[in-house]
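S.K.: First residue of the sequence shown? That's 31 in the UniProt record's numbering, and the numbers climb one at a time after it.
Yeah, the Cβ is synthetic: ideal placement off N, Cα and C, and Gly gets one too.
It should be emphasised that the depicted structure is a prediction, and the values quoted were computed from it without experimental measurement.
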Amino acid sequence: TVLVVDFGAQYAQLIARRVRECSVFSEIVPSTMPVEEMLAKRPKAIILSGGPSSVYEPGAPAAPTGMFTTGVPTLGICYGFQVMAQALGGLVENSDVAEYGGAVLRYSGEGSLLAGLPAEQSVWMSHRDSCSAAPEGFTVTASTDVTPVAAMEDRAHGLYGVQFHPEVMHTDHGMDVMRRFLYEEAGCRPNWTMVNIAEETIDAVRAQVGDRRVICALSGGVDSAVAGALVQRAVGDQLTCVFVDHGLLRKGEAEQVEKDFVAATGVNLHVVDATDRFLSALEGVTDPEDKRKIIGREFIRVFEVAAREIVGESAEPVEFLVQGTLYPDVVESGGGTGTANIKSHHNVGGLPDDLRFQLVEPLRTLFKDEVRALGEQLGLPAEIVWRHPFPGPGLAIRIIGAVSRDRLDVLRDADAIAREELSRAGLDRDVWQFPVVLLADVRSVGVQGDGRTYGHPVVLRPVTSEDAMTADWARLPFEVLQKISTRITNEVADVTRVVVDITSKPPGTIEWE
Ligand code: XMP
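#1: Going along the chain, which unbroken runs of the beta strand (DSSP E) with 3 or more residues stay wholly within the segment 254-300?
#2: Let's test the definition: count the other Cβ atoms within 10 Å of the Cβ of His276 and tell me whether it reaches 16, buried, or not, exposed.
#3: Using 8 Å as the threshold, is the C-beta distance between Met205 and Arg48 below it?
#4: Alpha carbons only, please: which of Ala115, Leu248, Gly131 is nearest the one belonging to Asp184?
#5: Please check the pair Ile107 and Pro196, which I expect to be a contact at CB under 8 Å, by giving their CB distance rounded to whole angstroms.
#6: Got a sec: is the Cβ-Cβ distance from Gly456 to anything in chain D below 8 Å?
#7: Under DSSP, the alpha helix (DSSP H) around Pro60 begins and ends at which residues?
#8: Assign Gln238 to buried or exposed, taking buried as 16 or more other Cβ atoms, counted over all protein chains shown, within 10 Å of its Cβ.
#9: What does Gly405 pair with, by DSSP beta-bridge criteria?
#10: Please return the same chain residues whose Cβ sits closer than 6 Å to the Cβ of Ala42, not counting the five positions on each side in sequence.
#11: Give the straight-line distance between the Cα atoms of Val54 and Thr104, rounded to the nearest whole angstrom.
#12: Excluding five sequence neighbours on each side, which residues of the same chain lie with their C-beta closer than 8 Å to the C-beta of Asp502?
#13: Give the DSSP-derived three-state secondary structure of His375 in the structure shown.
#14: Nearest to Ser483 by CA position, among Lys513, Thr526, Val461, Ile518, is which residue?
#15: Of the residues Glu285, Gly191, Gly424, which one's Cα is nearest the Cα of Glu541?
#16: Pull up the distance between the alpha-carbon of Val207 and that of Gly167, whole angstroms please.
#17: Can you give me the C-alpha to C-alpha distance between Gly96 and Ser152, rounded to a whole angstrom?
#18: Within 10 Å of its beta-carbon, does Asp241 have 16 or more other beta-carbons around it, so buried, or fewer, so exposed?
#19: Please name the residue in Ala523, Ala293, Lys281 whose C-alpha comes closest to that of Gly479.
#20: Could you pull the DSSP bridge partners for Thr104 from this structure?
#21: Quick one: what does DSSP say Asn520 is sitting in, helix, strand or coil?
#22: Taking C-beta to C-beta, are Thr171 and Ala133 nearer than 8 Å?
#23: Determine the extent of the beta strand (DSSP E) in which Ala133 is found, giving its start and end residues.
#24: Helix, strand or coil for Val235? Go by DSSP, reduced to three states.
#25: Going by beta carbon distance, what residues of the same chain come within less than 8 Å of Ala336, once the five residues before and after it are set aside?
#26: From this set, Val256, Asp290, Ser310, Ser254, which residue's C-alpha is nearest Leu278's C-alpha?
#27: Assign Gly240 to one of three DSSP states: helix, strand, or coil.
#28: According to DSSP, which residues form a beta bridge with Cys246?
#29: Using only alpha-carbon positions, find the residue among Gly251, Pro220, Leu135 that is nearest to His200.
#30: Arg209 and Cys52: beta carbons closer than 8 Å?
#31: With DSSP as the reference, label Ile340 as helix, strand or coil.
#32: When the Cα atoms are used, what is the spatial distance from Val32 to Ile340?
#33: For Met182, count neighbouring C-beta atoms within 10 Å of its own C-beta (all shown protein chains included) and say buried if the count is 16 or more, exposed if not.
#34: What would DSSP say about Arg219, mapped onto helix, strand or coil?
#35: In the DSSP output, which residue or residues are listed as bridge partners for Val477?
#36: Looking only at DSSP bridge pairs, what is Leu468 linked to?
So this is what it looks like as structure tokens:
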């Protein structure tokens, strides 16, 4: 494993992902972890991440004692580099000129980490402090106009530091630097491949579950689908999947779960069509938080009944519940062992005390892109693997106003057209999410044919994002927008107007409710 020491603000996640893109397993640890504990994980390499602090600020995170005498090849990036430089006697100063964004890195030709790179390349910088003198024993291998020491190394001791960010895509040869460090300097082997991940995870599930029984709630989303498919591979018919159809999914999605997923995996599926129940509970409700609460509450009730049926009908008690928890959730909640309680941000929160399960979380070590690759490896259909994120409360929070069957039908048709045209333009994977929102309580005049119409607007909300925490509006080509607009107003009765939301997040959120 490669340890990525996190100096704050999630800087480590991107580095950890890049290491895995080099087919090497990586794990994020907090900078407060004692070095002995890190070494107990037997790391092949250590990477110190960037962070938001200045090494001079009181309370700025320091490197743990003994960090630079482990003998394990260590690369410091940005703040991690400055921590290294300062700890070993170099000079880190608050420079007058900050360096944010692109900069030209000049490589001296010396040393090993940057070997083979051009004499000049564009790199991404983000720092106020600068290292003006490297510690003794280090060779300075690169600089920029602003930063005298932009890269340094002491190969004899396995220590390397770069001020720039090799992990961001704006650094021309960033991945070359990562690969060079991992393969040449640290001797890592590229054996974190999808085949291995699938095999290891399947073995681990088998070991955990033994011959006992498992249930899994499918949402229609990629995480629960891949988790379910994996567990199916591991323990076959000991698994029963439950799909609660709340009637708030998009066109074709329930069928995808009921037909395509089952065909691809051979899983035992227990479907509960709870549309009537959800729609009557939602009748007349307009407040978004009320909608969410009602849907969450009803989901648990329906799931509980289904689970009791499954638990009751088997000779062996069901002891395990599959959760599609991903690595970013694990890192954000500070690690933990993941056995006892179901976290509230998951779909199946708050089951009653007498219905307790141990959790099976086969995706706990994976990032989203790895989950998708794994889904492909397991033979799931592309429509499931590449599905955009979709909120648990579904279309209920994309109807501004009360939810009804008619309104759902209108929105489903408009949404299907938008998705179809996006796919047809080959832009599915360029867009993070593409909510279509029905302003059900707003009416607007139109003219169609020879007559005046008085219907509702829909809002197109295509966004780009890395993690849904921040987002930007997607610059879809005008022709695609035009096509979507024409088709929706022609084909969906009751929609007279199509508008595009060009708010970023922040200040807007991705969803309208
Ligand atoms: P916002 O709208 O806050 O959304 O920018 C961020 C991401 O979360 C999704 N989202 C939800 N997912 N239950 C969910 O499971 C919810 O209540 C919910 N609300 C928003 C949203 O689609 C986006 O991916």
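M.R.: In short:
#1: 269-275
#2: buried
#3: Contact annotation: Met205 and Arg48 have beta-carbon atoms nearer than 8 Å.
#4: Here the closest residue by C-alpha is Ala115.
#5: 7 Å
#6: In summary, chain D is missing from the structure at hand, where a single protein chain is found.
#7: It is not in any alpha helix (DSSP H) - Pro60 instead sits in the beta strand (DSSP E) that spans 56-60.
#8: buried
#9: Gly405 is bridged by DSSP to nothing; it lacks a bridge partner.
#10: Val34, Asp36, Ile58, Ser79
#11: Per the coordinates, the alpha-carbon of Val54 lies some 15 Å from the alpha-carbon of Thr104.
#12: Val493, Thr494, Ser495, Ser534, Lys535
#13: Only weak support exists for where His375 lies, its pLDDT of 38 falling under 50; the value from the coordinates is given anyway. Here His375 sits in coil by DSSP.
#14: Correcting the residue type first, residue 483 is Thr in the shown sequence and not Ser. Closest by alpha carbon: Thr526.
#15: Among Glu285, Gly191, Gly424, the Cα nearest to that of Glu541 belongs to Gly424.
#16: 21 Å
#17: 34 Å
#18: exposed
#19: Comparing Cα positions, the closest option is Ala523.
#20: Ile76, Leu189
#21: helix
#22: no
#23: 121-137
#24: helix
#25: Val272, Val274, His300, Val302
#26: Ser310
#27: coil
#28: Cys271, Val352
#29: Nearest of Gly251, Pro220, Leu135 to His200, Cα basis: Leu135.
#30: For the 8 Å CB-CB criterion, Arg209 and Cys52 form a contact.
#31: helix
#32: 42 Å
#33: buried
#34: Residue state, collapsed to three classes: coil.
#35: Arg482
#36: Leu468 pairs with Ile429, Val488.
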